[in-house]
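Residue numbers (the working numbering): 7 to 505. First up is the structure itself, then whatever we jot down about it.
In structure tokens:
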């Protein structure tokens with residue numbers, strides 16, 4: 007008789023576990039530290055996230071799996087393969103940069119934000135986000151999605167007495183809960199038709215569903231995707247994004263724009279490519295339509311932002327992130343039609359790595375400008391080069407990367423990779439839609455970039471850059487420039503190993 011006791015590979019689960027443990031340590035330490043010493047909690051959190059990222063190094067040597075069914079080594083709840091490790095690196099690296107931005111933001115808030123709760127929530131969300139790409143059953147996937155999301159709701163609304171922040175958190179919460187409920191219904195349909203929650207077993211059993219349950223299985227597949235589509239900010243599940251980014255503390259907006267997307271895309275990839283490959287005729291066209299709609303709505307929304315409107319810089323980055331989500335969806339949709347699905351998924355991962363580095367850099371510069379211009383209008387960036395030449399050059403570089411123009415070679419490389427994935431899969435119409443959207447995006451990215459180098463109106467505002475903010479801007483800048491010099495490294499690094 008097989009033992010029901012499952013062995014635990016502690017090294018494999020170390021990255022999310024360490025982030026969660028440090029979160030608990032910070033929460034308990036907050037009870038005993040005097041207000042004057044609470045700044046140390048931020049540095050403990052930064053160190054914890056760095057340590058979590060470093061725990062990925064010992065497990066790079068091969069696939070590891072734990073919490074497996076006894077008697078079936080292929081049905082596991084947690085798998086640390088190449089795909090998992092790349093997404094965990096992206097998630098923990100993004101959370102680390104958001105934490106560096108938060109150290110400065112909390113100091114500037116002068117105790118208006120509760121430090122202990124803030125760091126506990128950020129670390130908890132990062133732990134859930136790191137767990138999700140390793141999840142290989144639907145129950146763990148949904149739990150990880152919620153562990154990543156629930157603390158994020160509180161972080162968005164953490165500004166005490168700020169109506170904008172409270173409204174943003176409420177919109178984010180209500181729309182997310184609705185999407186999760188729909189996903190859970192889809193999971194229940196899939197379980198009813200297959201009798202299992204393990205992704206590899208679902209892939210086998212869903213092909214042999216009785217004819218009378220075929221429609222139920224199809225409905226389950228579509229509904230399961232909804233929760234992950236919401237996290238990626240795919241249209242029509244995007245309406246929470248602009249108000250949430252404006253209402254949240256700026257480091258949390260940066261965190262959601264990168265880590266939130268990584269969570270959604272890794273979940274989408276796992277359920278489509280591993281669990282539902284036999285239903286590619288259902289999710290392939292749906293994701294292709296979503297990609298076209300998302301990139302178009304996102305870029306048109308960004309194009310409509312007025313430079314003098316309050317928070318227009320953050321709103322433009324929010325709408326831009328919706329447009330970028332459309333590009334990220336293209337290779338996942340292409341995997342349904344492609345003979346080499348792994349290569350298509352690798353294109354999404356490569357694009358996500360590029361997007362994470364440069365978008366966090368753009369948000370870091372926005373956080374710097376917000377110190378002297380709290381309304382963060384695009385017009386506030388006029389003459390930034392006169393006040394801070396290096397910062398202006400870096401922001402210009404980040405925006406050109408997002409646009410896909412030289413010298414932002416990594417942005418161009420990532421867009422070409424995604425474009426070729428669509429063409430190789432025979433989705434010519436989607437490649438045309440993407441090309442049109444890239445041209446639309448060029449207009450607003452270049453408009454913002456040229457503003458940086460115009461003569462300032464009046465005396466240029468001097469920006470004093472605190473050390474954590476300097477570190478965040480420098481790290482993203484070095485990463486973007488290094489990858490532009492050797493863009494092929496991204497594609498090698500992002501080889502998924504899912505198959």
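Idealized CB from N, CA, C, for every residue including glycine.
Just to check my reading of the structure: residue 42 and residue 65 have Cβ atoms closer than 8 Å, yes? What is that Cβ distance to the nearest angstrom?
With a Cβ gap of about 40 Å, residue 42 and residue 65 do not count as contacting.
Between 163, 492, 336, which has its C-alpha nearest residue 433's C-alpha?
It is 336 whose Cα lies nearest to the Cα of residue 433.
If you draw a straight line from the alpha carbon of residue 302 to that of residue 443, how long is it in whole angstroms?
Straight-line Cα distance between these residues: approximately 6 Å.
To the nearest angstrom, how far is the alpha carbon of residue 171 from that of residue 298?
Roughly 31 Å separates the two Cα atoms.
What residues in its chain sit with their C-beta under 7 Å from that of residue 53, if we drop five residues either side in the sequence?
Cβ neighbours of residue 53 beyond the five flanking positions: none.
Kindly indicate which residue of 226, 312, 151 has the alpha-carbon position closest to the one of residue 236.
It is 151.
Identify every run of the alpha helix (DSSP H) within the region 314-366, keeping only runs that are complete inside it and at least 4 residues long; order them along the chain.
Complete alpha helix (DSSP H) runs here, min 4: 318-340.
If you reduce the DSSP assignment to three classes, tell me which class residue 81 lands in.
Residue 81: strand per DSSP, three-state reduction.
Go to residue 71, then tell me how far its alpha helix (DSSP H) extends in each direction, as first and last residue.
Looking at the DSSP string, residue 71 is not in any alpha helix (DSSP H); the run it does join, the beta strand (DSSP E), is 70-75.
Quick check on residue 141: does DSSP put it in helix, strand or coil?
Residue state, collapsed to three classes: strand.
Among 227, 327, 248, whose alpha-carbon lies nearest the alpha-carbon of residue 286?
Among 227, 327, 248, the Cα nearest to that of residue 286 belongs to 227.
Near residue 486, which residues of its chain fall below 7 Å by C-beta distance, leaving aside the five closest residues on each side in sequence?
363, 364, 367, 403, 404, 407, 416.
Hey, which unbroken runs of the alpha helix (DSSP H) at 4 residues or more fall wholly within the region 267-298?
267-275, all fully within the region 267-298.
Going by Cα to Cα distance, which pick from 273, 419, 200, 231 is closest to residue 217?
Among 273, 419, 200, 231, the Cα nearest to that of residue 217 is on 200.
What residue range is occupied by the uninterrupted alpha helix (DSSP H) comprising residue 443?
Residues 434-458.
Could you round the C-beta distance between residue 253 and residue 189 to whole angstroms and report it? I think they count as a contact, below 8 Å.
Going by Cβ atoms, the distance from residue 253 to residue 189 rounds to 25 Å, so no, they are not a contact pair.
Within the continuous alpha helix (DSSP H) that includes residue 173, where are the two ends?
Residues 169-200.
For residue 86, which beta-bridge partners are listed by DSSP?
DSSP, once it has assigned bridges, lists 70 as partnering residue 86.
Determine the closest residue to residue 450 out of 91, 110, 385, with distance taken between C-alpha atoms.
Of the candidates 91, 110, 385, the one whose C-alpha sits nearest the C-alpha of residue 450 is 385.
I believe residue 268 touches residue 135 by the beta-carbon criterion, under 8 Å. Please report the beta-carbon distance rounded to the nearest angstrom.
Confirmed, Cβ separation roughly 7 Å.
With distances taken Cα to Cα, identify the nearest neighbour of residue 175 among 191, 158, 185, 460.
The shortest C-alpha separation from residue 175 is found at 158.
Around the C-beta of residue 49, are 16 or more other C-beta atoms found within 10 angstroms, so that it is buried, or is it exposed?
Residue 49 comes out exposed.
Using a Cβ-Cβ cutoff of less than 6 Å, which residues in the same chain neighbour residue 459 once the five nearest sequence positions on both sides are dropped?
The residues are 391.
Once DSSP output is grouped into helix, strand and coil, what is the label at residue 9?
Caution is warranted here: a pLDDT of 49 is assigned to residue 9, below 50, making its placement in the model unreliable, and the coordinate value is therefore given only provisionally. Three-state DSSP puts residue 9 in coil, outside helix and strand.
Let me make sure I understand the geometry here. Which of 107, 112, 129 has the alpha-carbon closest to that of residue 97?
The candidate whose alpha carbon is nearest that of residue 97 is 129.
Answer yes if the region 192-212 comes into contact with the region 245-263, meaning at least three C-beta pairs across the two stretches below 8 Å, and no otherwise.
Not touching, per the Cβ criterion.
So the alpha helix (DSSP H) residue 261 belongs to, where does it begin and stop?
That run of the alpha helix (DSSP H) goes 256-261.
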